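**Student:** Supplied in structure tokens, the structure appears directly below.
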Amino acid sequence: MKTRIEELLEKYWEAETSLSEEKELRKLILESEGYEKEKELFQALGNFRTEEPQNLSIPKTKLRRINSTWISWAASVAILLGSFWGWRTYEQKQAEQAAYEEVMHALALIQTNFSKGKQQMQPLNDLKYLNTTNQVFQMDQKTKQ
262 MKTRIEELLE KYWEAETSLS EEKELRKLIL ESEGYEKEKE LFQALGNFRT
312 EEPQNLSIPK TKLRRINSTW ISWAASVAIL LGSFWGWRTY EQKQAEQAAY
362 EEVMHALALI QTNFSKGKQQ MQPLNDLKYL NTTNQVFQMD QKTKQ
């Protein structure tokens, strides 16, 4: 028995024992004669495990509660402001689109009228190539004299 205790003590001090071997060692030491230092150690360890700490409490931190009424009011205001801003942006984009369409309509009207005027000037352009415009103007000058 003493050889078994010696073997287990040697393994215990080398930190090579398992839990079952430690239980066996504790039992053997408490039952045998001698080994007073080891008995005190194992009794202290046994007392340490069974003893519960006193006055050990975790201080509770105060939780700061935010009033849910204020949160709902803030959310409502945020939604209203977001809606107002979105509506203003939408209206501005619509106004820009309407102005763009109006300018394009005006430019199309100018182009149409310019084309009509150009078509009406086409006969005079043909006269230029016939070299008759000078003759027409000279005749007018002769009749006026």
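The sequence shown begins at 262 in our numbering and counts up by one.
Just so you know, even glycine gets a beta-carbon here, dropped at the ideal spot from N, CA and C.
From a predicted model like this one, the values you see are computed outputs, not experimental measurements.
Are the region 322-331 and the region 291-309 touching by the rule of at least three beta carbon pairs closer than 8 Å?
**Tutor:** They do not touch, by the three-pair rule.
**Student:** I'd like to check one pair, L291 with L269: are the Cβ atoms closer than 8 Å?
**Tutor:** Here residue 269 is taken as the residue at index 8 of the sequence shown, counted from 1. Here residue 291 is taken as the residue at index 30 of the sequence shown, counted from 1. Contact: no.
**Student:** For Y296, which residues in the same chain have their Cβ closer than 6 Å to its Cβ, ignoring the five residues on either side in sequence?
**Tutor:** Within the sequence shown, residue 296 is the residue found at index 35, counting from 1. Here the set comprises I290.
**Student:** Considering only the beta carbon of each residue, do K272 and T264 sit closer than 8 Å?
**Tutor:** Reading the sequence shown from its first residue, position 11 is the one you call residue 272. Reading the sequence shown from its first residue, position 3 is the one you call residue 264. The answer is no: Cβ separation not under 8 Å.
**Student:** Could you give the first and the last residue of the continuous alpha helix (DSSP H) run that contains K284?
**Tutor:** Taking the first residue of the sequence shown as 1, we reach residue 284 at position 23. Segment L280 to E292, the alpha helix (DSSP H) holding K284.
**Student:** Buried or exposed: which applies to I371, given that a residue is buried once 16 or more other Cβ atoms fall within 10 Å of its Cβ?
**Tutor:** The residue labelled residue 371 in the question sits at position 110 within the sequence shown. By the neighbour-count rule (16 or more Cβ atoms within 10 Å), I371 is not buried but exposed.
**Student:** For I266, is the classification buried or exposed, using 16 other Cβ atoms within 10 angstroms of its Cβ as the cut-off for buried?
**Tutor:** Numbered from 1 along the sequence shown, position 5 holds the residue referred to as residue 266. So I266 ends up on the buried side.
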